[in-house]
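To convert, note that position 90 of the sequence shown is 137 in the numbering used here; the numbers rise steadily by one, no gaps.
Using N, Cα and C, we set each Cβ at its ideal position, and we do this for glycine too.
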Amino acid sequence: MREEEIERLRGVVRDCVSKHLYSSAIFFADKVAAITSDPADIYMQAQALYLGRHYRRAFHLLNASQIVLRDLRFRYLAAKCLEELKEWDQCLLMLGDAKVDEHGNITDTRECNSMYLDKDGEDREINILSAICFLRGKAYEALENRAQARLWYKVAIKADPLCYEALECLIENHMLTCDEERTLLSCLQFGPEDGWLSSFYSCLIKKYDKENVVEAKFRELEQSGPNTKLSDNSVLCTLKSNTDLLACKAEYYHQCGEYQKCFELTSELLEKDPFHLKCTLVHLAAAMELGHSNELYLMACNLVKDYPQKDLSWFAVGCYYYCIKKYDQARRYFSKATSLDGTFASAWIGYGNAYAAQEEGDQAMSAYRTAARLFPGYHLPTLYIGMEYMRTHSFKLAEQFFMQAKSICPSDPLVYNELGVVAYHMKEYKKAVRWFEKTLSHIPSSLSEMWESTVINLAHALRKLKRYNEAIAYYERALALSTRSLSTYAGLAYTYHLQNNYTAAITYYHKALWFKPDDQFCTEMLTLALVDESRHGIDPIVESRSGGLFM
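What follows is the structure, given as structure tokens:
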């Protein structure tokens, strides 16, 4: 057969692959390889077999050729076959030995350097070494060696920043702390044309920076900079409506507690792309916070119909039952989601929360501990363990876990809030004030109703320290966030009472009783304030008679 006829058959194979006619591709690739015995044609035949799901045959073909020991492409494809066959130990053996330090840098590259690599593609290629390192990470993760998996994912993304899957595994599986994520991104070597990619990656990691910093990152991607060339301008403009970028923005809104804003954005996105699963997860979380049970029901029904084998589908069912306070059913479906994918962090948290909602602390702690073990870069499981200890008045243990959560994610204001609450319970009011003030300083956006309880708690702690004017200022700040809080009015009334401002105290006791007419503390203190006002003096036993009634 003439060379031009063989080349025509190669073209037929490539065309069959592009049209997903894999049996045809296998048939013609087999004939070409038989005629030429060329390594490139053998590789083409193995690729056709792999795409046609004939993994065992493809592996045998590659393994039988001596070039598998010299060409990284052959070795990588053989390892991919073993990955599909779930033979993880053999997959690692095929990829070969390599050493890596704790920072994700390869320390021994002799074997890789001895291998032959033929890059014959005209398009920009991802470094084959990066792909091999990523596959090694997947194998270690499947073998539940998450420490090694994390190291090899870091090696993969460092070897080539275009290997997005490695970064995705590190982020989605919460393998890195906030600081480790930033450090990793800072050491990636992007090409001069990949500035947009660096900005995009910075939007994917945990976003606890101030609002103006995060919004600046999004704007950088949504519009062209002053020095942007025309060729880049078209790319940057299209990213303004990119669903991945908008899903990141929705995730940021949820993280800031702006649930309505998040819900509106995800609703808009899901109209454009109803099967965007990352956006779907954020949408479910926002609907949960807002109590939109009907939306959760519809989402759960659609997901179960479209993706009956997906963990996210059954997680959605669990969210619906949790929202309507049917916690037994919620647990069942959260558990099903974790059984389908043991690395689904949100399902583990939901599973623990469903137990905690019914005060079944031991089971809740078990779920949280599993999540903390599986996701070392995720601070919420550790935070929830601390909350459970605080619920059982084990304040010292709670404080230890809150500090551990702080070491994982030092930028989350919720961590500082819980440290303040536990310090208050331990009557360490100066420490409580410090933690509550840190909470407010770490809130990324302007104060919203979500943080009203923090402001009230700070006011309570200041009142305990007899810093009455400061306490009153924070109570009034809490009233600016919500005018329907019994605790705020009662605290404000009591503080005025302690200052002997009986008229103001009586006014606010009445306002508090308007929300809850049978409140024992406000009723008793109102009576005392009326007596004190009639006397126009200070009753020295007010503090002692009321001290145990309010917080």
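| Query | Result |
| --- | --- |
| Same chain, Cβ closer than 6 Å to E267, neighbours up to 5 away in sequence not counted | S246 |
| Simplified DSSP assignment, three categories, for W375 | It is Asp, not Trp, that sits at residue 375 in the sequence shown. Of the three classes helix, strand and coil, the one that applies to D375 here is helix, per DSSP. |
| Per DSSP, cross-strand counterpart(s) of I153 | V147 |
| Contacts around C303, its chain only, beta-carbon distance under 6 Å, and the 5 residues preceding and following it disregarded | P491 and S492 |
| Beta-carbon separation (whole angstroms), F181 vs A213, contact threshold 8 Å | 5 Å |
| N512 to D320 span [Cα, whole Å] | Before going further, note that residue 512 is Leu rather than Asn in the sequence given. In a straight line, the C-alpha of L512 is about 54 Å away from that of D320. |
| Status (buried if at least 16 other CB within 10 Å, exposed otherwise) for S386 | exposed |
| For K264 and S271, the rounded distance between their alpha carbons | For S271, the predicted structure reports a pLDDT of 48, less than 50, and the residue's modelled location is therefore unreliable. A value from the coordinates is still provided. Distance between the alpha carbons of S271 and K264 is about 12 Å. |
| Residue from S70, A87 and H67 whose Cα sits closest to the Cα of R644 | The structure shown does not extend to residue 644, since the chain is modelled only from 48 through 598, so no value can be given for it. |
| Cβ pair S454, T224 closer than 9 Å | yes |
| Collapsed DSSP secondary structure at Y299 in the structure displayed | helix |
| Three or more C-beta pairs below 8 Å linking the region 230–240 and the region 181–197 | no |
| Proximity of A196 and E188 at Cβ, strictly below 9 Å | yes |
| Where the alpha helix (DSSP H) containing P460 begins and where it ends | P460 to H472 |
| Whole-Å CB distance - L142 paired with R122, under 8 Å assumed | 7 Å |
| Proximity below 9 Å, CB of C309 to CB of V329 | yes |
| I53 - containing alpha helix (DSSP H), residue span | E50 to S65 |
| Complete beta strand (DSSP E) runs within the region 312–357 (minimum length 3 residues, chain order) | none |
| Neighbourhood of K78 by C-beta, 7 Å cutoff - its chain only, sequence neighbours within 5 removed | L56 |
| Segment limits, alpha helix (DSSP H) that includes L198 | R193 to A206 |
| Three-way DSSP call (helix, strand, coil) for S532 in this model | coil |
| Within 9 Å, strictly: CB atoms of A414 and Y425 | no |
| Cut-off 7 Å between Cβ atoms - residues of its own chain near T390, not counting five sequence neighbours on either side | N220 and L421 |
| Simplified DSSP assignment, three categories, for K453 | helix |
| Closest residue to A527 among A552, W498 and A540 (Cα-Cα distance) | W498 |
| Pair within 9 Å by beta-carbon distance, A111 and Q92 | no |
| Whether Y536 touches F562 by CB criterion (9 Å) | yes |
| Contact check, E228 vs K205, beta carbons under 9 Å | no |
| Sequence-distant residues of the same chain with beta carbon closer than 8 Å to D353, five excluded per side | F322 and S360 |
| Residue from M572, E484, Q447 and S529 whose Cα sits closest to the Cα of E517 | E484 |
| Cβ neighbours of L444 in the same chain (closer than 7 Å, five flanking residues each side left out) | Y436 |
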